[in-house]
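To start, the structure under review is shown below, and the notes come after it.
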Amino acid sequence: MQILLQLKSLRRFTNLFERRWISQSGCSDIKDVELSQELKHCIETHWRKHINQQQFNDKSLDNKFYVLSMFPYPSGNLHMGHVRVYTISDAIARFQRMCGKNVFHPMGWDSFGLPAENAAIQRGIEPKIWTEQNIAQMKQQLIDLGCSFDWSRELSTCSLDYYKWTQKLFLMLYHKGMAYQNEALVNWDPVDETVLADEQVDNNGCSWRSGAKVEKRLLRQWFVKTTAYAKQLLEGLDDPMLKDWRDIINLQRHWIGQCDGYSFQLLTSGSNYLRVWTAQPEHFKDPNAFVVLKSQHYLGKEQENEVHMTVENPFTGTIMPLIFSDEPAFPDKCDVYLAAPNFREKDEELQRALNLSFFADNEFNFENLKMENLRKEVLETAERLKLGGYSVSSKLQDWLISRQRYWGTPIPIVHCDKCGAVPVPDDQLPVRLPETYVFKSKDVFDIFQCSCPKCGNASAHRETDTMDTFVDSSWYYLRYLDACNNHEIFDKNLAHQCMPVDLYIGGKEHAVLHLYYARFINHFLHSQGLVPRKEPFARLLVQGMVMGRSYRVRGSGRYVQEHEVEIVNAKRNQAILKETKEAVVISWEKMSKSKMNGVDPADMFREYGIDTTRLIILADVAPTSHRNWSSETFPGILNWQKRLWRIINEFYELRSSPESSQVDVNSTEFKVEEEKLFDARNFYVKGVTFNFRHAYQLSVAISKMQGLTNSLKRVPKFIQRFSKEYEQTLAAQLIMLAPMAPHFACELWSKFVLAPKRLNTSPAHFNWETDVLLQRWPEIDQQYKVGLTVKVNGFENCVIKIARSHIDNVTHNDALDLAFNTDSVTSYLIDKRIRTTNFVLYPGIAAILNIYVDKVKEEKPNSRATGSKEGGTTA
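Per this note's numbering, the sequence shown starts with residue 134, numbered consecutively.
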């Protein structure tokens, strides 16, 4: 019956209100009906077409804001991790638009890779068809989620229009000597029949995907010389542009390592490149130098200690033997050692121990030569001959990019018996994948036969390996800017105006490899003059995983579903299996099907609504923390929505009723209530704005908005009916809700604007002729006092209240003057023991002055006897 009444009311509302602005027409004029689930669905269906009408303007870029979320692999269905990251990015994108920014918020698909190929094998369909079906499905789910992506810039890494330019990027690296082929001992998955990176092998030596025991194989592979940029990638982590990177900085530093040596790439007599790392490159100047490889090195194929091959020393013109031995003290994570008997006594001893004395001429004298001159000469020669000589850690390796699978970007190289490896000319790109699925085998080798671009040899063949998908995702943020450009990889001028990305959002699991490779590619493109900054991402928001409660039988470790479990003691997480009474371990783990703890977002949308799901995923915990998904946390958001619904209905009813009584708006009682609202509005607008714009603690922003709702709820009815301040506060509440719950906020706003107003409708306030998403973000009033927080050695000393109109113009020196004129800032600040100060201004919101002083113990003669608190260490 209630649903029928709602539907009748919906139809009545549609007939009653025909307004000039469709965006202001809500889907209901119901006043006292509760906010039911059916009504939520009606609201979301009604507003779905009206909430994503703003797009990026690439003709006016002075005020751009590039917010980027890591693009997904198109698996076919969103999971709660997707819901979290894309709700976060959408909320911030909407906020920045409401602040007047020209927001670029694109979306695409990381669509190459092994899962689609395996699915093709299992289902007997082409990977391309499988992938395109999944993209269509996931795209619709993201639209249903209410995400305001700019779909005009959509890209897919498996499309010709994209992987043509991935191949161009590879060739740019190749022509600069940054891509090369070499034999390497690699991890081989015998089930998926492809190379795996070290990070894709678990602690038991098994493949992360197939579970097969990984084998070691010697294969000829393609590498990108990322180590050439190691030092500048390490130094780039100190770029002051990088904000909120937190522990990601340390993860990147650890991955790169300390660049305390130099790497050289020498060609052996066996036609392999040998990486030689040394902290003393001047040792190459020893004509008696030799190279020692660990006995397990992949080049070692014969008896230990026997000279198998040699390498030319390009700095002396002599031949260096390659010796296999475990005797030397090899550098960390390094299996190659450069021995220089004329420089180091221990190497001379090693030379004798290895019976290499016949190579030596120990009369060679370096005493009159300066080591720094020798080092400079070696490094300059290495640069001229393109042999390396760049600063790098001993453990960092080049990027192995080749994969032995079909579904990936083809490597644009042709192998010719006469010419060797020949790059495909630009005008022949893209090198296309075969039309139908092929797996690597000798039976299909003729598919790859072609003519050599250099000599025309008809029996040449193109490279059968494809690129690691990390290559595809290493530059997508640039292609987004110019996704329809078929003439060049991207528009250089557009990149210079739009880069770097202002905010990059994604999972911490990608904070090492993907971020490292993306940074490397951007550094390389910067060296080619194509991008304005070395670093591609200014601010980083690394979101935590969504965790589900899992139930695992103690002993067997078997996962079971929640309905199979009986909770014995909820507080102590004690449970048993209903059927067998076996003990069950309850824990929070990353959601997955195998652990039976996943939640389907579609179920959440059906049961609670899209906006409610968005609010729940953002509430309670910071985006950077793991989110324990539990229905126990839902009531807070559900009740908040109901309170807002009742407040807006009550406001409409009070404002629409006949004014049978008059209220003295100049009375003391009225003014006191308005002052309370004034303080509440400014206080909560300040808090919400700070957490949207600076801290990105969206859960705290929700808490602040809930506080404002409570302030509105406590207001007497005569204030709701006649107060301009109440009207402005309620409008601010709805506007601040809009980025997180756009459908619901639009509906509330449509009812709000229908009620009679008492507020001046000047541009400084609101535009009643447009919907809530087109309103300007509320600002703090100029006369409202905000805080200048003074901290000493990181601890808050005092907060100085200053009118907003003044704090926008406070300088570093102004802040120091204000601090020194405040009694609570103790005397030792004036005693010139200040080491340094740091001032941060958050315009229109707040400011923080950090003062660092030397800690000096100040003893007062009678402090202990008199009970004085003046003694002790300064804080």
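Glycine included, every Cβ here is placed at the ideal spot set by N, Cα and C.
Measure the alpha-carbon distance for residue i versus residue j and round it to whole angstroms.
i, j, result
"Glu478", "Gln413", "14 Å"
"Cys552", "Arg666", "38 Å"
"Gly690", "Leu351", "37 Å"
"Val547", "Asp243", "26 Å"
"Asp531", "Leu329", "14 Å"
"Ile935", "Thr822", "18 Å"
"Asn843", "Ser683", "36 Å"
"Ile580", "Asp598", "13 Å"
"Thr955", "Val701", "58 Å"
"Gln266", "Ser281", "22 Å"
"Pro896", "Asn655", "Caution is warranted here: a pLDDT of 43 is assigned to Pro896, below 50, making its placement in the model unreliable, and no coordinate value can be reported."
"Leu906", "Arg286", "22 Å"
"Leu140", "Tyr613", "Because the pLDDT of Leu140 is 41, which lies under 50, any placement of that residue in the model is unreliable, and the number read from its coordinates should be weighed accordingly. Roughly 43 Å separates the two Cα atoms."
"Val886", "Glu786", "13 Å"
"Val444", "Tyr406", "10 Å"
"Tyr506", "Arg353", "Note that residue 506 is Asn in the sequence shown here, rather than Tyr. Approximately 38 Å, taken between the alpha carbons."
"Pro323", "Arg230", "51 Å"
"Arg685", "Asp277", "34 Å"
"Tyr313", "Ser458", "28 Å"
"Ser524", "Met678", "36 Å"
"Gln694", "Asn730", "8 Å"
"Pro976", "Pro872", "21 Å"
"Gly241", "Tyr295", "11 Å"
"Lys427", "Val664", "42 Å"
"Trp321", "Val218", "33 Å"
"Ser292", "Asn446", "46 Å"
"Gly279", "Leu318", "48 Å"
I'd like the list of long-range same chain contacts for residue i, defined as Cβ closer than 7 Å, with 5 residues on each side in sequence excluded.
i, result
"Ile176", "Cys160, His876, Phe877 and Glu880"
"Arg408", "Ser396, Gln398 and Val469"
"Ile622", "Trp298, Lys301 and Leu302"
"Ala493", "Since pLDDT at Ala493 reaches only 49, below the 50 mark, its modelled position is unreliable, and no value is offered."
"Leu673", "Asp377, Trp378, Ile381 and Tyr637"
"Asp119", "Since the first and last residues shown for the chain are 134 and 1008, residue 119 lies out of range."
"Pro545", "Gln300, Phe303, Leu304, Pro556, Val557, Leu562 and Val564"
"Ile781", "Leu881, Lys884 and Phe885"
"Gln774", "Leu168, Thr745 and Phe877"
So residue i packs on residue j, CB below 8 Å; how close in whole Å?
i, j, result
"Gln676", "Ile638", "7 Å"
"Val557", "Pro586", "6 Å"
"Ser607", "Gln391", "Not confirmed; about 24 Å, so no contact."
"Val511", "Lys625", "36 Å between Cβ atoms; not a contact."
"Ile389", "Leu529", "6 Å"
"Phe245", "Thr290", "5 Å"
Return the chain-ordered list of same chain residues with a C-beta closer than 8 Å to the C-beta of residue i, the five sequence neighbours on each side being excluded.
i, result
"Leu1081", "Nothing about residue 1081 can be reported from this structure: the residues present for the chain run from 134 to 1008 only."
"Glu250", "Pro260, Arg538, Tyr539, Trp540 and Tyr570"
Leaving out the 5 sequence neighbours to the left and right, which residues in its chain are closer than 6 Å to residue i when beta-carbon positions are compared?
i, result
"His179", "Cys160"
"Thr449", "Pro420"
"Asn190", "Asn235"
"Gln915", "Arg937 and Ser938"
"Met869", "Val821 and Met838"
"Asp465", "Ser527 and Lys528"
"Cys467", "Trp410 and Ser527"
What does residue i pair with, by DSSP beta-bridge criteria?
i, result
"Arg1070", "Because residue 1070 is not part of the residues shown, which for the chain are 134 to 1008, the question remains open."
"Gln398", "Arg408"
"Gln273", "According to DSSP, which records beta bridges pairwise, Gln273 is partnered with nothing at all."
"Asp283", "Pro239"
"His548", "Ala554 and His594"
"Ala980", "Leu921 and Leu974"
"Trp532", "Val357"
"Pro543", "Thr599"
"Ala312", "Val357"
"Phe423", "Ala472"
For this session: For the stretch 661-741, list the alpha helix (DSSP H) runs that are entirely contained and at least 4 residues long, ordered along the chain.
Result: If we require 4 residues or more, the alpha helix (DSSP H) runs fully inside the stretch 661-741 come out as 734-741.
For this session: Taking only runs that begin and end inside the stretch 446-523, name each unbroken alpha helix (DSSP H) of 4 or more residues, in chain order.
Result: The stretch 446-523 contains these whole alpha helix (DSSP H) runs: 478-486 and 504-517.
Exercise. Mind pulling the beta strand (DSSP E) runs of 3 or more residues that sit fully within the stretch 823-892?
Worked result: none
Exercise. Enumerated in chain order, which unbroken segments of the alpha helix (DSSP H) with a length of 4 residues or greater are wholly contained in the stretch 570-632?
Worked result: 602-605, 609-612 and 625-631
For this session: Give, in chain order, every unbroken run of the alpha helix (DSSP H) that is at least 4 residues long and sits entirely within the stretch 934-968.
Result: 937-940 and 945-953
For this session: At 4 residues or longer, and completely inside the stretch 758-814: list those alpha helix (DSSP H) runs for me, N to C.
Result: 767-789
Problem set entry | Segments assigned beta strand (DSSP E), at least 3 residues, entirely inside the stretch 161-215 | 197-202
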